[in-house]
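Participant: Residue numbers (the working numbering): 1385 to 1832.
Input: one structure, supplied below.
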Ligand code: HEC
Ligand code: HEC
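Structure representation (C-alpha cells):
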C-alpha cells in the first residue's frame, strides 16, 4: 500500500516536473543558473587567475623571504619565513612543523591562558596559549637577557598542533557565511543533532567591529586571509604590522612599531601573503590512484558510512563581486562562483580529540580587541571551542604523513578510529565494514 502511494507520488512528481520544465530542448535548460565551473587545481606554483603570474611569483617570494632581527624578527618567534611551515610539495602546502600550546584550568574549571615568566621572571607573558620555540636574545647586544619561553610546571594542559595546508584557501575565503550556516543547520536537524557543527563568528581585523563565520586554523579562529596573515606574522615570526601592532614583549626589541610598513605601492608584507594565498590553486587529486577500483569503491563507501556529513566533498563560492570581510574584500572573478572539493564543512566539532584550549583573543586579534565591540560574538560559543576542532579538510591529505591536529596519528586507519564524540556512529559504521571495504576508504584518502 505504502509502496503504491510512493509510486503514484513519484509518477505525479514526474508529470509536474515535465509540465514546469516545458518541452524537452536540445541545449541546456534555460532559466537555470549555469553550474559553477571548477576551481583550478595543481601543485605547480602557478596563479589561479587572481594575480598575473609575475605578481604571483613576487608575492610568493615575500612568503618565502627570510626575516632577520633588523626586519623586526622576534623578540619571540617560531620561524624566519612562512615557507618554513607551509611548503610540501610547493610553497603554501603543509609541513611537519608542530606548534606548542599550553594553559591550565582555573578554579571554575574553565581554560586559562598560561603565565610564562621570561628573563628570570622580570616579565610574565600572558594572554596567549602559544609558546614560541625561539627567541632573538641572548644575542651580542643583550648577552645577559634570556627571554626563551619555557613551560612552567603549572601549565599542565599541553598540546601540539601541526601546520596546515594553505593551497586553495582563497576559495574557502570566498564561501558565503550562509553556505556554512546551511550545512550546520542540516547537520543539526538530522539524527537529533548527534552531529552538529558550530559556526563561530570571529573578528575581521581589517574591519574593526565586523565578524564573519570562522573557517581558518584548527579552531576556526579566523575568516579572513589578511587577518590570518597579520596574526601569523606577529605570532610565528614576531613581526608587528598594521593590524596587530603590539610586540609580545618589549625586551630585546630594537625595531620600531609596526615592524613592517607598506612600501611605495601601498602594500605591506601581509597584503602580499594574503594575495599569494588567495591566488593559489586548490590541491590536485592523484588521478592514477583515484582511477583504481579500490579508490573508486572507497569514494562511495565514504558517503555510505557518513564521512561526508562533516568532510563535505563539494562547495561553491559566492558570486564574483560579493563583498565580504566587513566590506574589505570583493570576491574577484577568479574565485567567484567556483565549485571546489575541500572535504570539509569548515565547522567546529567535538570528535573526542579536543586539546582543551580555548582561542586566546589577545593573541589572535591583538591586545586592543577587548576595547572594540564585535558583532555577534558569543562568549558561550567561544568557551565551547575548548574541545572542538575544525573538520580537517582532506584535500591534499596524501601529502601529510602526520594526521589530526596533533600529528599523532600515523596511518589513515588510526586517524579514523580516533574519531569519537560526534563522530562515534560514523566510526562504528566504518568498523563494521569488511577489511577490504575499510581499506578501500583508505585507498580513496590516498587519492586526495
Ligand atoms: C612555525 C610554523 C609556522 C609559520 C612560520 C607560519 N605558519 Fe601558518 N600555520 C601554522 C600552523 C601550526 C597553523 C595552524 C594553526 C592553528 O590553528 O593552531 C597555521 C595556519 C595558517 C593559516 C590557516 C590556513 C587554514 O586553512 O586553516 C594561514 C592562512 C597561515 N597559517 C598563513 C601563514 C603565513 C602568511 C605565514 C607567514 C607570515 C605563516 N602562516 C607562518 C604554522 C606556521
Ligand atoms: C562529526 C564530524 C566528522 C565525521 C563524521 C568524520 N570526520 Fe574526519 N575529522 C573531523 C574532525 C573535526 C577532524 C579533525 C580532528 C582533530 O584533528 O583532532 C577530522 C580529521 C580527519 C582526518 C585527519 C586529516 C588530517 O589532515 O590530519 C582524516 C583522515 C579523517 N578525518 C577521515 C575521516 C573519515 C574517513 C571519516 C568517515 C569514516 C570521517 N573522517 C568522519 C570530523 C569528522
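Don't be surprised by glycine CBs; every beta carbon is placed ideally from N, CA and C.
Per DSSP, what kind of secondary structure is residue 1512 in: helix, strand or coil?
Facilitator: Coil at residue 1512, not helix or strand.
Participant: Regarding residue 1553 and ligand 1, is the C-beta to nearest heavy atom distance less than 6 Å?
Facilitator: Yes.
Participant: Taking all protein chains shown into account, do 16 or more other C-beta atoms lie within 10 angstroms of the C-beta of residue 1699, making it buried, or fewer, making it exposed?
Facilitator: Looking at its Cβ environment, which holds 16 or more other Cβ atoms inside 10 Å, residue 1699 is buried.
Participant: I'd like to know whether the C-beta atoms of residue 1482 and residue 1546 end up nearer to each other than 7 Å.
Facilitator: Against a cut-off of 7 Å, the Cβ pair of residue 1546 and residue 1482 comes out as a contact.
Participant: Below 6 Å CB to CB, which residues in the same chain sit around residue 1456 once its five sequence neighbours on both sides are set aside?
Facilitator: 1623, 1639, 1643.
Participant: Got a sec? Which residues, its chain only, sit under 8 Å from residue 1705 by beta carbon, not counting five neighbours each side?
Facilitator: Same-chain partners within the cutoff: 1714, 1715, 1720.
Participant: Mind reading off the beta-carbon distance from residue 1434 to residue 1554? Whole number of angstroms is fine, and I expect it under 8 Å.
Facilitator: Right, the Cβ-Cβ distance comes to about 6 Å (below 8 Å), so this counts as a contact.
Participant: If you draw a straight line from the alpha carbon of residue 1501 to that of residue 1743, how long is it in whole angstroms?
Facilitator: Looking at the two C-alpha atoms, the distance is approximately 21 Å.
Participant: So residue 1635 and residue 1528 are supposed to be a Cβ contact under 8 Å. How far apart are they, rounded?
Facilitator: That pair is no contact at about 11 Å.
Participant: Expressed to the nearest angstrom, what Euclidean distance is found between the alpha-carbon atoms of residue 1802 and residue 1591?
Facilitator: About 39 Å.
Participant: Here's a check: name, in chain order, each residue in its chain whose Cβ is nearer than 7 Å to the Cβ of residue 1771, leaving out the five neighbours to either side.
Facilitator: Correct list, in chain order: 1734, 1738, 1740.
Participant: Among 1587, 1535, 1824, 1562, whose alpha-carbon lies nearest the alpha-carbon of residue 1676?
Facilitator: Out of 1587, 1535, 1824, 1562, 1824 has the C-alpha closest to the C-alpha of residue 1676.
Participant: Based on DSSP bridge pairs, tell me the residues matched to residue 1502.
Facilitator: DSSP output for residue 1502 lists 1507 as bridge partner(s).
Participant: Examine ligand 1 and report whether any of its heavy atoms sits within less than 6 Å of the Cβ of residue 1727.
Facilitator: Incorrect: residue 1727 has no Cβ contact closer than 6 Å to ligand 1.
Participant: Say yes only if the C-beta of residue 1550 is nearer than 6 Å to one or more non-hydrogen atoms of ligand 1, and no if none qualify.
Facilitator: Indeed, a heavy atom of ligand 1 lies less than 6 Å from the Cβ.
Participant: Beta-carbon within less than 8 Å of residue 1523's beta-carbon, same chain only, minus the 5 sequence neighbours each way: which residues are those?
Facilitator: Cβ neighbours of residue 1523 beyond the five flanking positions: 1453, 1636.
Participant: With a threshold of 6 Å, establish whether the CB of residue 1541 neighbours any heavy atom of ligand 2.
Facilitator: For ligand 2, not one heavy atom lies less than 6 Å from the Cβ of residue 1541.
Participant: Report, in whole angstroms, the separation of the C-beta atoms of residue 1594 and residue 1702, which I expect to be a contact under 8 Å.
Facilitator: Their Cβ separation, rounded to whole angstroms, is 16 Å, which puts residue 1594 and residue 1702 out of contact at 8 Å.
Participant: Need the endpoints of the beta strand (DSSP E) that residue 1542 sits in, please.
Facilitator: Run containing residue 1542: 1541 to 1546, per the beta strand (DSSP E) assignment.
Participant: When you compare the CB positions of residue 1831 and residue 1777, do they come within less than 7 Å of one another, or not?
Facilitator: Against a cut-off of 7 Å, the Cβ pair of residue 1777 and residue 1831 comes out as no contact.
Participant: From which residue to which residue does the alpha helix (DSSP H) around residue 1481 run?
Facilitator: Unbroken run through residue 1481: none, as it is neither H nor E.
Participant: Please list, in chain order, all residues of the same chain as residue 1396 whose beta carbon is under 7 Å from its beta carbon, the five residues on each side excluded.
Facilitator: Confidence at residue 1396 is low in this model, with a pLDDT of 38, below 50, so the placement of that residue should be treated as unreliable; the coordinate-derived value is given next. Result list for residue 1396: empty, nothing under 7 Å.
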